[in-house]
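First up is the structure itself, then whatever we jot down about it.
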Amino acid sequence: MSSLADKRILLGVSGGIAAYKSADLVRRLQDRGANVRVVMTAGAQEFVRPLTFQALSGNPVHTDLLDPAAEAAMGHIELAKWADFILVAPASASVMARLAAGMADDLLSTLCLASEAPLVLAPAMNQAMWRHPATQANARTLQARGATLLGPAAGSQACGDVGPGRMLEPLDIVDQLIATQLPAQVLAGKKVAITAGPTREALDPVRYLSNHSSGKMGFAIASAAARAGAEVTLIAGPVRLDTPAGVHRVDVVSTTEMLAAAEKAADSCDIFISAAAVVDFRPAVVAEQKIKKQDGNDADVLKLVKNPDIVATIAARTHKRPFVVGFAAETENVIAHAQGKLARKQLDMIVANDVSDPEGGFNSDRNQVVVIDHSGQQPLPAGLKTELAAQLIEMIAKQAFTSH
Ligand code: PMT
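Offset between the sequence shown (1-based) and the working numbering: plus 251.
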């Protein structure tokens with residue numbers, strides 16, 4: 252797996268209870284080979300003493316913009332130039348607001364403004380503060396400028412609330428940093444629509460037809476596309492996953508609902524990626540009441556009709572046709588079947604996915620895929636869906652904007 256070997260990371264620690272986790276984060280970054288220097292805001296120093304970070308990082312901790320002694324050792328402009336990237340963890344609501352506004356009223360905000368290094372934020376705040384439209388707008392502003400947001404996670408919070416706003420665990424931050432490898436903003440200014448998860452077709456008020464898709468692959472792609480600068484619409488079937496940062500999510504249940512959302516998103520998107528496991532058939536009639544086990548009806552309880560093919564419908568557009576990428580979930584003759592779908596559905600690219608492999612496919616965190624287009628095929632090394640998603644986004648962006 253790739254690492255952070257010799258990466259120079261400027262870790263900004265802002266005020267919040269999650270600041271204590273950043274001490275561990277220093278160690279985790281160093282474990283992966285990074286050289287870490289720490290900048291603390293005044294608020295952060297109320298939670299953890301600079302000495303802790305100095306001892307862990309092995310470097311002096313920077314706290315003041317106007318400290319002549321610190322400036323003589325390594326001035327703030329020098330520090331801004333030193334960094335390969337700046338990681339702010341925790342990134343409080345206040346820090347996000349000040350960075351979004353372009354302020355330079357303390358050392359951390361000044362460094363962020365003065366540095367050309369990529370900026371990565373791990374937000375941490377109360378769930379209501381995270382959900383607040385002002386914070387959401389700040390998050391979008393920062394992402395539109397190229398910042399990467401890792402998290403926040405959802406769960407119980409120090410204040411007793413439950414919801415999104417917890418800083419990711421240090422190991423998750425490091426894993427995601429490595430997985431993303433701070434992608435270039437290959438999709439800046441582009442719109443991407445992605446379908447993810449299963450669809451669900453009701454048989455009666457209590458039963459349905461569906462499949463084992465967890466949505467992990469599609470959500471990872473949505474997250475990677477957002478980190479690459481795209482405006483992302485994620486059309487999600489019924490799954491239990493948090494919405495990736497900076498992504499607009501549209502929840503659907505049935506195939507018909509997914510098709511309607513896809514058609515709407517396709518009107519304005521540049522790229523359409525169909526990672527959803529769409530149920531191919533639905534009951535001809537949805538029973539109004541629970542179907543009873545009565546004698547005589549067991550032979551023809553289920554009459555099915557074909558569902559529309561969403562990705563083929565989008566690919567068949569003659570007006571406002573985006574670059575269209577499908578997936579092919581196969582259990583045998585993977586490449587041949589995927590190539591057949593690429594041609595039949597008139598796609599620009601297809602991601603062949605061997606779902607018979609217990610190490611990948613449905614509901615796993617890992618996957619192994621081969622990317623096929625009209626000029627050839629390229630297998631990607633098996634890896635985490637988050638890692639593969641970042642690679643897929645780079646390949647899709649390259650193909651979409653050089654050949655389309
Ligand atoms: O969600 P996870 O648990 O992370 O699992 C990921 C995955 C295995 C679901 C994903 O990687 C994947 O392979 N998705 C495609 C699943 C699928 O339905 O494949 P398919 O070969 O049946 O369909 C081919 C393509 O047509 C797909 O892009 C599919 O989204 C699309 N399709 C299929 C049927 C239909 N009615 N409408 C469609 O748009």
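Even glycine gets a Cβ: it sits at the ideal position worked out from N, Cα and C.
For the candidate residues the options, whose alpha-carbon lies nearest to that of residue i?
i: P489; options: R595, G448, R533; result: G448
i: K541; options: Y459, G634, A579, E322; result: Y459
i: F574; options: I445, N558, P609; result: I445
i: K332; options: L261, S407, H570, K442; result: L261
i: S360; options: A526, L635, L330; result: L330
i: A651; options: V576, G406, P630, S607; result: V576
i: D426; options: L635, K596, I647; result: L635
i: E539; options: V457, K442, N462; result: V457
i: I647; options: A274, K441, S407, A388; result: K441
i: L428; options: R288, L276, T392, K649; result: L276
i: N462; options: A344, A527, C520, Q545; result: A527
i: V602; options: Q629, V346, P609; result: Q629
i: A516; options: R279, D493, V443, R288; result: V443
i: K649; options: P319, D455, I522; result: I522
i: S626; options: M291, L643, L593; result: L593
i: F304; options: E583, V413, R279; result: R279
i: T392; options: A324, G497, I486; result: G497
i: T314; options: P609, A487, D356, A344; result: D356
i: E645; options: D423, G480, V346, L358; result: G480
i: K557; options: M325, A404, F578, A535; result: A535
i: E581; options: D608, T569, R491; result: D608
i: A579; options: E482, I524, V346, D318; result: I524
i: Q590; options: T569, D624, E583; result: D624
i: D318; options: V346, V289, L358; result: L358
i: H499; options: I424, E482, V413; result: E482
i: A405; options: R491, K544, L643; result: R491
i: D455; options: A587, M325, K543; result: K543
i: R417; options: D423, I424, P403, G411; result: P403
i: A342; options: I328, D518, S407, V290; result: V290
Tell me, to the nearest whole angstrom, how far the beta carbon of residue i is from that of residue j; I am working on the premise that it is less than 8 Å.
i: V530; j: T450; result: 5 Å
i: L419; j: L438; result: Not confirmed; about 23 Å, so no contact.
i: A295; j: A270; result: 5 Å
i: R572; j: L555; result: Contact flag wrong, Cβ pair sits at about 30 Å.
i: I268; j: A409; result: 5 Å
i: N389; j: A348; result: 5 Å
i: A633; j: K596; result: Incorrect: roughly 26 Å between the Cβ atoms, too far for contact.
i: V585; j: D605; result: 5 Å
i: P415; j: D502; result: With 8 Å as the limit, P415 and D502 do not qualify as a contact, their Cβ atoms being about 16 Å apart.
i: S273; j: A340; result: 6 Å
i: T386; j: A344; result: 5 Å
i: I486; j: A453; result: Contact flag wrong, Cβ pair sits at about 19 Å.
i: C520; j: T484; result: 7 Å
When the cut-off is 9 Å and only beta carbons count, does residue i lie next to chain C?
i: G627; result: Of the chains in the structure shown, none is chain C; there is only one protein chain.
With a cut-off of 8 Å, do at least 3 Cβ pairs link the segment 388-398 to the segment 253-267? no
Answer yes if the segment 603-620 comes into contact with the segment 628-648, meaning at least three C-beta pairs across the two stretches below 8 Å, and no otherwise. yes
I want to know whether the segment 327-341 touches the segment 366-380 - three or more CB-CB distances under 8 Å. yes
Decide yes or no for the touch test of the segment 370-383 against the segment 298-310: beta carbon pairs closer than 8 Å, at least 3 of them. no
At what residue ranges does the segment 259-340 contain a whole run of the alpha helix (DSSP H), taking only runs of 4 or more? 270-282, 293-298, 301-308, 319-324, 327-333
Touch test, the segment 346-354 against the segment 272-287, Cβ-Cβ under 8 Å, three pairs minimum: no
Counting only runs of 4+ residues fully inside the segment 346-434, write out the alpha helix (DSSP H) ranges in chain order. 358-365, 378-382, 384-395, 421-431
Is it a yes or a no for the segment 599-616 touching the segment 551-561, going by three-plus beta-carbon pairs under 8 Å? no
Ignoring anything shorter than 4 residues, give me the alpha helix (DSSP H) runs that lie fully in the segment 545-628, in order along the chain. 561-566, 585-595
Okay, do the segment 286-302 and the segment 264-271 touch, 3+ Cβ pairs below 8 Å being the bar? yes
Given 8 Å as the limit, is there contact between the segment 462-469 and the segment 503-514, that is, 3 or more CB pairs closer than that? no
Okay, do the segment 376-383 and the segment 471-490 touch, 3+ Cβ pairs below 8 Å being the bar? no
Within the segment 462-528, ranges of the alpha helix (DSSP H) (whole runs, at least 4 residues): 467-478, 506-517
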